[in-house]
Amino acid sequence: MQIRTIHPTDYLAVDLLIRAAFTPTAFGYGNEAELVEKIRLSKEYIPELELVAVKNQMIVGHGLLSEVSLVHEKDQTIGLVLAPLAISPDTQKQGIGSQLMHELEARAQQLNYPFISILGHPDYYTKFGYVPAEYYLVKAPFDVPTEAFMIKSLTKDGLKKRPGMIQYPSAFNE
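Per full-length UniProt numbering, residue 1 is the first one in the sequence shown, and the count goes up by one each step.
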């Protein structure tokens with residue numbers, strides 16, 4: 001299997017993958033493919049942080065990190081948010097999501113981002129070191145279960161003395 005940066009020729013396959021991955025879940029499909037399209041058109045999009053997993057010449061996984069702001073009074077820190085991480089239903093539980101997460105985090109560290117925030121399943125993301133964001137006094141701008149809104153520092157002091165609220169780009173609100 002290969003993890004690589006997405007190519008524009010992959011967009012249709014990724015759209016179909018995202019729909020297939022989220023439709024059978026407990027929460028169902030929530031316009032994640034449309035969110036990806038909006039993020040790609042935003043200034044918060046970093047092409048090197050959109051990855052695909054390819055197995056037998058088929059795209060079986062996708063992950064996207066984009067910029068968010070952590071705001072406290074007049075202080076603002078730019079970090080990242082994972083949205084979404086999607087694995088083809090017939091290849092789940094094979095470590096593809098883990099490989100995508102590790103590569104996304106490595107690239108984010110190379111680009112000197114201090115943190116990644118996630119709204120997701122705590123049983124899955126805690127194994128990568130994500131903790132409830134409230135641990136760092138970081139809040140979501142909307143009501144969300146505390147255990148599902150998580151964050152991970154990518155640097156030694158990535159979240160020290162940085163309480164505040166995550167502000168998502170407009171792509172998340174449209």
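Beta carbons: idealized from backbone N, C-alpha and C, even for Gly.
Please read all numbers here as calculations on a predicted model, not as lab measurements.
Could you spell out the range, first to last residue, of the beta strand (DSSP E) harbouring residue i?
i       : result
Phe-22  : Per DSSP, Phe-22 belongs to no beta strand (DSSP E); it is in the alpha helix (DSSP H), 11-22.
Val-54  : 45-55
Leu-41  : Segment: none, Leu-41 is in no beta strand (DSSP E) and carries neither H nor E.
Leu-119 : 115-119
Phe-149 : 149-153
Ile-6   : Ile-6 -> no beta strand (DSSP E), and no H or E assigned at all.
Gly-164 : 164-167
Excluding the 5 residues preceding and the 5 following residue i in the sequence, name in chain order all residues of the same chain whose CB lies nearer than 8 angstroms to its CB.
i      : result
Glu-48 : Thr-5, Arg-107, Leu-111
Gln-57 : none
Asp-10 : Val-52, Ile-59
Below 8 angstroms on the Cβ atoms is my contact criterion, and I expect residue i with residue j to pass it. Report the Cβ-Cβ distance as a whole number of Å.
i       : j      : result
Ala-171 : Ile-39 : 5 angstroms
Leu-35  : Ala-83 : 6 angstroms
Among residues of its own chain, excluding the 5 on either side of residue i, which ones have a beta-carbon nearer than 7 angstroms to its beta-carbon?
i       : result
Ala-21  : Ala-86, Ile-87, Ser-88, Pro-89
Glu-103 : Ile-3, Leu-51
Gly-158 : Pro-114, Phe-115
Gly-97  : Gly-61, Leu-85, Ile-87
Pro-24  : Pro-89
Tyr-45  : Ile-39, Ser-66
Tyr-29  : Arg-19, Phe-22, Thr-23
Thr-146 : Pro-132, Glu-134
Is DSSP giving residue i helix, strand or coil here?
i       : result
Val-36  : helix
Gln-94  : coil
Ala-86  : strand
Met-1   : coil
Leu-159 : coil
Thr-146 : helix
Leu-111 : coil
Taking 6 angstroms as the limit between beta carbons, can you name the residues of its chain near residue i, skipping five residues before and five after?
i       : result
Lys-55  : Met-1
Ala-33  : Asp-15, Ile-18, Arg-19
Gln-99  : Ile-3
Gln-109 : Leu-154
Met-101 : Phe-128
Got a sec: does the ligand FAD put a non-hydrogen atom nearer than 6 angstroms to the Cβ of residue i?
i      : result
Gly-30 : The ligand FAD is absent from the structure shown, which contains no ligand whatsoever.
What residue range does the alpha helix (DSSP H) around residue i cover?
i       : result
Pro-122 : 122-125
I'd like to confirm the pairing. Which residues does DSSP put opposite residue i in its beta bridges?
i       : result
Met-58  : Lys-55
Lys-139 : Met-165
Leu-70  : Thr-77, Ile-166
Leu-65  : Leu-82
Can you find a CB in chain B that lies within less than 7 angstroms of the CB of residue i?
i      : result
Ala-33 : No chain B is present in this structure, which holds just one protein chain.
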